[in-house]
Structure formats: structure tokens, C-alpha cells
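**Q** One structure coming up, written as C-alpha cells, with questions to follow.
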Amino acid sequence: MPRIIPMSSRPSAQWLVGWFYERMFSLLHQSEWEVVWKQKYIFGKGRVKRPLCGLVEFEDRCMYLSPSLKIHPDNETLLLTVIHECAHVLFGEVSANEKGFVPHASIFELEALANHFTHQQKKDLLALLPFHPSCLLRKK
Ligand SMILES: [Zn+2]
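In my numbering, each number is its position in the sequence shown, counted from 1, plus 40.
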């Protein structure tokens, strides 16, 4: 199929924002992946405990998010982490040597999608997270 230059005057990335929103929504909505609030995580064999923003465990199909108000003082910062972790799930595991389908640097860039979601879309995504008391303390 040849690539034909579209007739519309200006290409838009809005479809990509919509595509990502729909994927994030169904990922957080369905039960194949569990979202768990976790303050600290033990890394590697050295059993180093480090504060965590978020983490995806592919084997357990589990997404960990920090409930800490220091790490996520407001819903905007929490949403950046949720986008980041959802991108890991949607684009596959990124190995430490960046050999994944989408490198980690690109996953960080995808966080900018938060600027393109509507207020309602942001609210809807965060409403899908399990309840945690610190959610009540974040600015609405
Ligand atoms: Zn990451």
C-alpha cells in the first residue's frame, strides 16, 4: 500500500493521545493487571530498599505505585508515574541495557501526554486506581 500524503491541511497527534488514553483506561480497568500501593521496594540481590515512584512486575502482572505524598504530592505527579508505568506495560519490558522495543528515554518522553489529556480524562484515569488514604490528601 503506498503512503499517500493526507488531504487534511495539518496532521494531528490527537489520535495518538486518544489511542494511549483508551489503552491506559482499559489496562487500569481490567483485572489482568493489579495496581498496588507500595512505599518502598527491594531491588535486586543486594536487597536494597529504595523509595519508589512506580514499578511494573511483568511476571506478577503487578503495577506498584507509591502512596507517598513526598513522591506524589499532587494528582499531576501521580498521573506522570501512572502514564510511565502503563507505557512499560503497553510497549513491553525495557531491559537495563535499553534493548527493549521502546527505550526508557522514550517512556519518559511519553509522560508529556499528560499535557494533552483533558481534565476529565485525567480524573477518569486516577479514579481507576485502588483507594488509598493518601489520595484524599492530594490536591483535587
Ligand atoms: Zn521506567
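Note that beta-carbon positions come from the ideal geometry of N, C-alpha and C, so glycine has one too.
Any chance the CB of His112 is under 7 Å from a heavy atom of ligand 1?
**A** Along the sequence shown, read from residue 1 onward, the residue named residue 112 stands at position 72. No, the beta carbon of His112 sits no closer than 7 Å to any heavy atom of ligand 1.
**Q** Kindly indicate which three-state DSSP category Leu105 falls into: helix, strand or coil?
**A** For this step, residue 105 is matched to residue 65 along the sequence shown. Secondary structure of Leu105 (DSSP, three-state): strand.
**Q** Helix or strand or just coil, what does DSSP make of Leu55?
**A** As a working mapping, residue 55 is identified with position 15 in the sequence shown. It is worth fixing the name first, because residue 55 is Trp in this sequence and not Leu. Helix at Trp55.
**Q** Taking Cβ to Cβ, would you say Ile111 is nearer than 8 Å to Leu150?
**A** Within the sequence shown, the letter at position 71 stands for residue 111. Within the sequence shown, the letter at position 110 stands for residue 150. It is not a contact, given that the beta carbons lie outside the stated cut-off.
**Q** Any contact of the segment 153-162 with the segment 88-106, i.e. 3+ C-beta pairs under 8 Å?
**A** no
**Q** Secondary structure at Lys163, three-state DSSP: helix, strand or coil?
**A** Here residue 163 refers to the residue found at position 123 when the sequence shown is read from its first residue. Reduced to three states, the DSSP call for Lys163 is helix.
**Q** What does DSSP give as the partner residues of Asp91 in its beta bridges?
**A** For the purposes of this step, residue 91 is taken as the residue at position 51 of the sequence shown. The amino acid occupying residue 91 in the given sequence is Pro; Asp does not appear at that position. In the DSSP output, where bridge partners are listed per residue, Pro91 has Lys80.
**Q** Can we count Ile123 as close to ligand 1, meaning its CB is less than 7 Å from some heavy atom?
**A** Counted from its first residue, the sequence shown places residue 123 at position 83. No, ligand 1 has no heavy atom inside 7 Å of this Cβ.
**Q** For ligand 1, I want to know if His69 counts as a neighbour, meaning its beta carbon is within less than 7 Å of at least one of the ligand's heavy atoms.
**A** Locating residue 69 in the sequence shown gives position 29, where the first residue counts as 1. No, ligand 1 has no heavy atom inside 7 Å of this Cβ.
**Q** Can you tell me which of the three DSSP states Val129 falls into?
**A** In the sequence shown, counting from the first residue as 1, residue 129 sits at position 89. Note: Val129 maps to helix in three-state DSSP.
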